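Take the sequence shown: its position 438, counted from the start at 1, is 438 in this note's numbering, and no numbers get skipped.
Here's the structure we're looking at; comments come further down.
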Amino acid sequence: MLSDDGRTLKYSVGATREEVSNTEEAEYDHGIRIDNTVDIAAGLFRSSKLNGRPTTQRFLGDWFTTGPLLAKMPDRWKAVDLTTMTARDLPVSESPAPPLTPADLSPDLPASPVKILDGLLPQRYQITRNPGDGRVAVLLPGPKDKKLAVSRYVELAMLPNRHASHPIYCMDELCRYKHITDIQWRPGSDEVLFTIDDYDEGHAQSIYGWNVVTGKVRPIVLSHGLVSGSQRYWDIPCALSSVTLVCVAAEADHPPRLEAIDIKTSHRQILFAPNKGLDADIAATVPAKLIRWKDAQGREFTGQFFEARGARVGHPPPLFVNFYNCYGFLRGGLGNEWPFATLAEDGISALCINAIPEYRLDPTARYDQGRAAVDSVVKFLSAEGRIDRTLVGMGGLSYGSEVTLWTLAHSKVVSAASVSSPSVTPIYYLFNSLRGAFRSSFRKSWQLGAPDETPKRWKKVSPAYQLDRIKAPILFQMNEQEYRMALDYALPLERRHQADIYVFPDEPHIKFQPRHKLAVYERNVDWFRFWLQGYEDPSPGKADQYRIWRKMRAETTKSHSGAVVHGGS
């Protein structure tokens, strides 16, 4: 945190490395007690990495957010004089005030402010205070359908002070019934800047300014992609001064760049574009196009479509689909594991499908939305002669993995699949069952208790009970922290030569180590080229890989005689 005069930098620190290391070693020597903070599915001792250092981790909240062993130790604040470069400890009286929470506001507000879903603790909320006069901008939940866990929209409002109980709402049509993701006070002004995520435009983000005195709203940045504080779309807004926004901007086929945006004139200036060569290459070979279509229920979906290079009339190419969210530059879907542009350059059209932004309480409805999106887009693109509907691959991470397995069990459209995260299984439940908050959230979101408590529901929801319905070959590229929770179905599939399983050490839910990311990219490309094009990379180092896959193909053909299995030698 930089002081207004630019001379002092304040920062917080937690436990020292020595304190953390000593605590880890003490646990190692005396035994690690298993309680509701331990991630039983992962390794117990230094099983993760933090800034490249092996680190013991613990659960921090209700779901799967983890942190270092002493993450809950209170922070201590320090200050550096940037002129002399000397540091000092800050007394509590000089430490920055923590962000406001609902407990700091009036209990008589019509609703509690919206949470920021960044996984950080303490929990942050969409509450921002004007440092000059104490006015507070908030995002409050909008009306909610009873079948949804949360509202699709939020309401932007201002409180004259933090004790006020009657919000002043933004009533302009530019801020009503919108999916607003960030709010910030423009320093020294009456203006609240807010970011809108527009699903109808493929999750394009735009930034507007609301004058809380006049009530007027004006557009500041209108984009066709990402305009945020980082490549992550969900947790960091643009940096902001009284006159300038500094943002990371990107589109589906344009890599991230750093831009300065004049708040008054909306003029955009590129400050740093490190990927000009890649940008030009994609634009010249496989540019993305936003497409729209409807499923059998009339629901409209959007997706970013990378059409196969060299596609010819009368010779439709295969299709790869990824389902979840398609924000910013699409290196490979959420988690970046399926390189769309590379697949398209190799002759496989690639489509990133945006899930409709609603969280339904019934998990089968959530999963089947994805199945319906895939079935309908295959029909749509096939009718236009743009893809071969008999050659369709699918892959996903997290919710995308769950939807992929659900689609395999409830549709015949997918020929081969790739997943990187576990779906709900009895082992998944068992490993997390010490955590009361997990059991409560799990029952609310999946309507599942222990397998002996809700057996019928388990059979309907979990792929572990639907193996007889899954016919397509599956590549599992799992992270070490989670792969054990998928073994209920992954091992039976491998026993019947229908799965190939790889696990990446020291990786969490979203893999981050560059050499692992490269290996995942290459294997996914090889996998889908093998099953959808019959192509094998002649590199000698991949001979064992193709030997395994050829055996899988032969066994799959034998087990499902009469079924069409694609792929070649």
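We put the CB at the ideal spot given by N, CA and C, even for glycine.
Fair warning: this is a prediction, and the values are worked out from it, not measured in the lab.
Subject >> Length-filtered (3 minimum) beta strand (DSSP E) runs lying within the region 446-499 >> reply: 474-479
**OP:** Using the DSSP secondary-structure output, state which residues sit across from Ala-417 in a beta bridge.
**Re:** The residue labelled residue 417 in the question sits at position 417 within the sequence shown. Ala-417 is bridged to Met-394 and Ile-474.
Original post:
Val-192: which of Tyr-153, Gly-225, Ser-228 and Leu-139 sits nearest, CA to CA?
Top reply: For the purposes of this step, residue 192 is taken as the residue at position 192 of the sequence shown. When only C-alpha atoms are compared, the closest one is Leu-139.
Subject >> Simplified DSSP state of His-315, which is helix, strand or coil >> reply: Within the sequence shown, residue 315 is the residue found at index 315, counting from 1. Looking at His-315 - three-state DSSP - the assignment turns out to be strand.
**OP:** Look up Ser-349 in the DSSP assignment and say whether it is helix, strand or coil.
**Re:** Against the sequence shown, residue 349 aligns to sequence position 349. Three-state DSSP puts Ser-349 in a strand.
Original post:
Would Met-478 be called buried (16 or more neighbouring beta carbons within 10 Å of its own) or exposed?
Top reply: Taking the sequence shown and counting its residues from 1, one reaches residue 478 at position 478. Classification for Met-478: buried.
Original post:
Is the region 395-406 close to the region 360-369, with three or more CB pairs under 8 Å?
Top reply: yes
Original post:
Considering only residues of the region 187-237, which uninterrupted beta strand (DSSP E) runs meet the minimum length of 3 residues and lie entirely inside it, listed in chain order?
Top reply: 191-198, 204-211, 217-222 and 226-228
Subject >> Touch test, the region 510-526 against the region 333-347, Cβ-Cβ under 8 Å, three pairs minimum >> reply: yes
Original post:
Of the residues Ala-87, Ser-206 and Gln-533, which one's Cα is nearest the Cα of Ile-387?
Top reply: Counting from 1 along the sequence shown, the entry for residue 387 is found at position 387. Ranking Ala-87, Ser-206 and Gln-533 by Cα distance to Ile-387 puts Gln-533 first.
Subject >> Per-residue burial, Phe-272 [other beta carbons within 10 Å of its own, 16 or more giving buried] >> reply: The residue given as residue 272 occupies position 272 in the sequence shown. Exposed: under 16 other Cβ atoms inside 10 Å.
**OP:** Could you check which residue in Asp-89, His-509 and Ala-97 has the C-alpha nearest to that of Arg-76?
**Re:** In the sequence shown, residue 76 corresponds to position 76, counting from 1. For Arg-76, the nearest C-alpha among the options comes from Asp-89.
**OP:** State buried or exposed for Tyr-428, treating a residue as buried only when at least 16 other CB atoms are found within 10 Å of its CB.
**Re:** On the sequence shown, residue 428 is found 428 positions in, with the first residue counted as 1. By the 10 Å Cβ count, Tyr-428 comes out buried.
**OP:** Using only alpha-carbon positions, find the residue among Glu-201, Leu-397 and Arg-33 that is nearest to Phe-301.
**Re:** As a working note, residue 301 is residue 301 in the sequence shown. When only C-alpha atoms are compared, the closest one is Glu-201.
**OP:** Classify Asn-432 as helix, strand or coil using the three-state DSSP reduction.
**Re:** Numbered from 1 along the sequence shown, position 432 holds the residue referred to as residue 432. Note: Asn-432 maps to helix in three-state DSSP.
**OP:** Check the C-beta distance from Ser-112 over to Pro-102 and give it rounded, since I have them as a contact under 8 Å.
**Re:** Within the sequence shown, the letter at position 112 stands for residue 112. Within the sequence shown, the letter at position 102 stands for residue 102. Contact between Ser-112 and Pro-102 holds: their C-beta atoms lie close to 5 Å from each other, under 8 Å.
**OP:** In angstroms with no decimal places, state the Cα-to-Cα distance between Asp-500 and Leu-491.
**Re:** For the purposes of this step, residue 500 is taken as residue 500 along the sequence shown, with counting starting at 1. For the purposes of this step, residue 491 is taken as residue 491 along the sequence shown, with counting starting at 1. Looking at the two C-alpha atoms, the distance is approximately 9 Å.
Subject >> Enclosing alpha helix (DSSP H) for Ser-47 [first to last residue] >> reply: Residue mapping note: residue 47 aligns to position 47 of the sequence shown, counting from 1. That residue, Ser-47, is in no alpha helix (DSSP H); it is neither H nor E in DSSP.
Original post:
Hey, is the region 509-516 in contact with the region 453-462, meaning 3+ C-beta pairs nearer than 8 Å?
Top reply: no
**OP:** Compute the Euclidean distance between the alpha carbons of Trp-446 and Phe-512, then round it to the nearest angstrom.
**Re:** Numbered from its first residue, the sequence shown carries residue 446 at position 446. Numbered from its first residue, the sequence shown carries residue 512 at position 512. The alpha-carbon atoms of Trp-446 and Phe-512 are separated by roughly 29 Å.
Subject >> Length-filtered (4 minimum) alpha helix (DSSP H) runs lying within the region 266-337 >> reply: 276-285
Original post:
To the nearest angstrom, how far is it from the Cα of Gln-304 to the Cα of Pro-255?
Top reply: For the purposes of this step, residue 304 is taken as residue 304 along the sequence shown, with counting starting at 1. For the purposes of this step, residue 255 is taken as residue 255 along the sequence shown, with counting starting at 1. Cα to Cα, the separation comes out at about 15 Å.
**OP:** Reducing DSSP to helix, strand and coil, say where Thr-66 ends up.
**Re:** Along the sequence shown, one-based indexing puts residue 66 at 66. Of the three classes helix, strand and coil, the one that applies to Thr-66 here is strand, per DSSP.
Original post:
Can you tell which of Ala-486, Arg-33 and Ser-12 has its C-alpha closest to the C-alpha of Val-80?
Top reply: Position 80 of the sequence shown, counting from 1, holds the residue named residue 80. Selected option, being the one with the closest Cα: Ser-12.
Original post:
Among all the DSSP beta bridges, which residues are the ones paired with Pro-99?
Top reply: In the sequence shown, the residue the question calls residue 99 occupies position 99. Looking at the DSSP assignment, Pro-99 forms no beta bridge with any residue, so it has no partner.
Subject >> Backbone secondary structure at Pro-339 - three-state DSSP >> reply: Stepping through the sequence shown from its first residue, residue 339 is reached at position 339. Coil, per DSSP.
**OP:** For my contact list, Glu-307 and Ala-344 are in at a C-beta cut-off of 8 Å; report their separation, rounded to the angstrom.
**Re:** The sequence position of residue 307 within the sequence shown is 307, counting from 1. The sequence position of residue 344 within the sequence shown is 344, counting from 1. That pair is a contact at about 6 Å.
Original post:
Helix, strand or coil: which one does DSSP assign to Val-154?
Top reply: Working through the sequence shown from its first residue, we reach residue 154 at position 154. Residue state, collapsed to three classes: strand.
**OP:** On the DSSP bridge assignment, give the partners of Gln-184 in chain order.
**Re:** The residue you call residue 184 lines up with position 184 of the sequence shown. Partner(s): Leu-193.
**OP:** Determine the burial state of Ile-270: buried for a count of at least 16 other Cβ atoms within 10 Å of its Cβ, exposed for fewer.
**Re:** Taking the sequence shown and counting its residues from 1, one reaches residue 270 at position 270. Exposed is the call here.
Original post:
In whole angstroms, what is the alpha-carbon distance linking Pro-317 and Lys-379?
Top reply: The residue you call residue 317 lines up with position 317 of the sequence shown. The residue you call residue 379 lines up with position 379 of the sequence shown. Near 14 Å, if we compare the C-alpha coordinates of Lys-379 and Pro-317.
Original post:
Can you tell which of Lys-558, Tyr-502 and Ile-291 has its C-alpha closest to the C-alpha of Gln-545?
Top reply: Translated into the one-based positions of the sequence shown, residue 545 becomes position 545. Answer by Cα proximity: Tyr-502.
Original post:
Out of curiosity, what's the CA-to-CA distance linking Ala-563 and Tyr-535?
Top reply: Your numbering for residue 563 matches position 563 in the sequence shown. Your numbering for residue 535 matches position 535 in the sequence shown. Because the pLDDT of Ala-563 is 47, which lies under 50, any placement of that residue in the model is unreliable, and the number read from its coordinates should be weighed accordingly. Rounded to whole angstroms, the gap between the alpha carbons of Ala-563 and Tyr-535 is 21 Å.
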